[in-house]
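Visitor: Note that the UniProt record's numbering gives residue 266 to position 266 of the sequence shown, counting from 1, and the numbers run on in steps of one. We put the CB at the ideal spot given by N, CA and C, even for glycine. One structure is given below, represented as structure tokens, and several questions about it will come after.
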Amino acid sequence: MQYTYVTEDLKKKMKNLRREFHRYPETAWTEYRTAWRAAGELEKNGFQVYTGNAACCSDARMGLPSAAYLEACEQRALSEGVPKLIMERIGSGRTAVAGILKGKFPGPVRVLRFDMDALPVEEAETEKNRDYLSRHAGIMHACGHDGHMAAGLGLAEILEKNRDKIRGEIRLLFQPAEEGCRGARSLTEKGWLEGADELYCGHIGMGEKRLGNITACSGGFLATTKLDILFHGKPSHAAKAPEQGRNALLAAAVCTVNAYAISRSGRGEGRINIGRFSGGSGRNIIAGEARLEAETRGETSEVNQYMKDSLERVARASAAMYGTACEFLEQGESRTAASSPALAEKCRRAAESMGPGCVYRTTGVFGASEDAAELMGRLQEQGGEAAYFLFGTPLSAEHHQPEFDFDEEVLAVMAEFYSRILLD
């Protein structure tokens, strides 16, 4: 691999940043320490930085944790060094960060997005990760977002050192709550894509496992809806007066079983999953409340809508069967997307200029859901162009698994590739 912009010192810095983010993982809307560090690095590199309400539209956030959980995470972040004045600005789940750098010459407005959140996964200690093992019980960066941020901040340093080459305006967006597709809309509704011409996003280790491979996704983003289904029944004594109760737990159980029996659409691939089931208050009480955490996905937005409508129909029928009521709370949503063909040649040139170790392809299929699709689709509807890349790296285990890890050399590949697109 040939690096023009990424130095050995910068490689070391990105590696250290990645490991710092990995030690202090934070889940969706609680990325307080993460946001503080990202904003600080951007400021050091001459970016105009926006945080809190200046960075995201609070009303457009989806799937916020409880107030108690947000408060607990704020206290943890304060104990880990976040200044109180900063917390006053980013607290209550206002964790987006945006940085703007304007060049000396007129040119396009280009946006790059890096996701920030970790997952509720207990990390497995290995010989490799012992020095940067998660310090937060039950939370780890199991999807590579720590690497995305480190590469993004490495890119920020490159841009600052090459400011005299920049045409137009560059916006770096550090997005909270990608997991569950909950955060992108808070950025679009804040206006970060207004006036933008190009958008670039990417992911480490998805599909591509060879270091140096870069694939532009031509499609395969699944539209998705994340929703909670609440069943409201009536509690009663389980032995003395069971007939006076309305069993919400049974309604939820019937819904769960029958959700997997929904016929698939002939118009494209569809998915459904019930990932969590909770309810009831005691072994001798007819359960008055139950909750399902569900998701639907579709190869197209139409297929996803079909799956969602079908799930809601099953839930209503299950509720009626046991004399209960149900309600639906949407917690996240995203659409399908594909990279713009108009950017293909520019991106190919950037990759090929990195030498024979870098292999560029244009036929990648993501095969899952990604909040970036919301950003891509919105910009393309406005007449702009967008591209999403898969950056190859060997993995210790697949994404979202306790042993997940990657080759940190991919950080240099990612930062160099973006630099060549923006500067050459």
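Counting only the same chain and skipping the five closest in sequence on each side, list residues whose C-beta sits under 8 Å from that of Lys209.
Guide: What you label residue 209 is simply residue 209 of the sequence shown in a count that begins at 1. Around Lys209: Gly392, Thr393, Pro394 and Leu395.
Visitor: Just the Cα atoms here: how many angstroms apart are Gly191 and Gly355?
Guide: As a first step, residue 191 must be located in the sequence shown, where it is residue number 191. As a first step, residue 355 must be located in the sequence shown, where it is residue number 355. Using only the alpha carbons, I get a separation of about 37 Å.
Visitor: By the DSSP assignment, the beta strand (DSSP E) with Val49 in it spans what residues?
Guide: Start at 1 with the first residue of the sequence shown, and residue 49 comes out as number 49. Unbroken beta strand (DSSP E) run through Val49: Gln48 to Thr51.
Visitor: Cβ of Arg171 within 8 Å of Cβ of Pro106?
Guide: The residue labelled residue 171 in the question sits at position 171 within the sequence shown. The residue labelled residue 106 in the question sits at position 106 within the sequence shown. Contact flag unset, no.
Visitor: For His22, count neighbouring C-beta atoms within 10 Å of its own C-beta (all shown protein chains included) and say buried if the count is 16 or more, exposed if not.
Guide: Within the sequence shown, numbered from 1, the residue matching residue 22 stands at position 22. With 16 or more other Cβ atoms within 10 Å, it is buried.
Visitor: Would you check if the distance between the CB atom of Val97 and the CB atom of Phe174 is smaller than 8 Å?
Guide: Your numbering for residue 97 matches position 97 in the sequence shown. Your numbering for residue 174 matches position 174 in the sequence shown. Cβ distance < 8 Å, so Val97 and Phe174 count as in contact.
Visitor: For Ala290, which residues in the same chain have their Cβ closer than 6 Å to its Cβ, ignoring the five residues on either side in sequence?
Guide: In the sequence shown, the residue the question calls residue 290 occupies position 290. Phe231, Ala248, Leu249, Ala252 and Gly279.
Visitor: Does DSSP put Ser263 in a helix, a strand or coil?
Guide: Within the sequence shown, numbered from 1, the residue matching residue 263 stands at position 263. Three-state result, Ser263: coil.
Visitor: Bridge partners for Gly268 per DSSP, in chain order?
Guide: Against the sequence shown, residue 268 aligns to sequence position 268. Its beta-bridge partners do not exist; DSSP assigns none.
Visitor: In this structure, does DSSP put Ala387 in helix, strand or coil?
Guide: Residue 387 sits at position 387 when you count from the first residue of the sequence shown. Ala387 falls in the strand class under three-state DSSP.
Visitor: If you count every other CB in all the chains shown that lies within 10 Å of the CB of Glu243, and 16 or more means buried, which is it?
Guide: Reading the sequence shown from its first residue, position 243 is the one you call residue 243. Its Cβ having fewer than 16 others within 10 Å, Glu243 is exposed.
Visitor: Assign Ile285 to one of two classes, buried (16 or more other C-beta atoms within 10 Å of its C-beta) or exposed (fewer than that).
Guide: The sequence position of residue 285 within the sequence shown is 285, counting from 1. Exposed.
Visitor: Count the other CB atoms, across all protein chains shown, that sit within 10 Å of the CB of Met149; report buried if there are 16 or more and exposed otherwise.
Guide: For the purposes of this step, residue 149 is identified with residue 149 of the sequence shown, where counting begins at 1. Its Cβ being crowded by 16 or more others within 10 Å, Met149 is buried.
Visitor: What is the DSSP secondary structure of Cys358, reduced to helix, strand or coil?
Guide: Here residue 358 is taken as the residue at index 358 of the sequence shown, counted from 1. Note: Cys358 maps to coil in three-state DSSP.
Visitor: Inspect the CB distances between the segment 375 to 386 and the segment 129 to 142 and report whether three or more fall short of 8 Å.
Guide: Two segments are said to touch when three or more pairs of C-beta atoms, one from each, lie closer than 8 Å; by this definition the segment 375 to 386 does not touch the segment 129 to 142.
Visitor: Should Gly298 and Ala223 be called a contact, given that it needs their Cβ atoms to be closer than 8 Å?
Guide: In the sequence shown, the residue the question calls residue 298 occupies position 298. In the sequence shown, the residue the question calls residue 223 occupies position 223. Cβ atoms of Gly298 and Ala223: closer than 8 Å.
Visitor: Would you kindly check if the distance between the Cβ of Gly103 and the Cβ of Glu169 is under 8 Å?
Guide: Within the sequence shown, residue 169 is the residue found at index 169, counting from 1. Within the sequence shown, residue 103 is the residue found at index 103, counting from 1. Contact: yes.
Visitor: Where does Ala415 land, buried or exposed, given buried means 16+ other C-beta within 10 angstroms?
Guide: Residue 415 sits at position 415 when you count from the first residue of the sequence shown. So Ala415 counts as buried.
Visitor: Between the C-alpha atoms of Tyr322 and Ile262, what's the straight-line distance to the nearest angstrom?
Guide: Numbered from its first residue, the sequence shown carries residue 322 at position 322. Numbered from its first residue, the sequence shown carries residue 262 at position 262. Cα to Cα, Tyr322 sits roughly 20 Å from Ile262.
Visitor: Beta carbon of Tyr32, beta carbon of Ile100: below 8 Å?
Guide: Walking along the sequence shown from the start, residue 32 turns up at place 32. Walking along the sequence shown from the start, residue 100 turns up at place 100. Contact flag unset, no.
Visitor: Between the beta-carbon of Ala287 and the beta-carbon of Ser340, is there less than 8 Å?
Guide: Working through the sequence shown from its first residue, we reach residue 287 at position 287. Working through the sequence shown from its first residue, we reach residue 340 at position 340. Result no, Cβ atoms of Ala287 and Ser340 do not sit closer than 8 Å.
Visitor: At which residues does the alpha helix (DSSP H) containing residue 453 begin and terminate?
Guide: Here the chain covers residues 1 to 424 and nothing more, so residue 453 does not appear.
Visitor: Are Leu153 and Ser419 touching if we call contact CB-CB under 8 Å?
Guide: Working through the sequence shown from its first residue, we reach residue 153 at position 153. Working through the sequence shown from its first residue, we reach residue 419 at position 419. No, they are not a contact pair.
Visitor: Quick one: give me the first and last residue of the beta strand (DSSP E) that Ile285 is part of.
Guide: Residue numbering aside, residue 285 sits at position 285 when the sequence shown is read from its first letter. In the DSSP assignment, Ile285 falls outside any beta strand (DSSP E) and carries neither an H nor an E.
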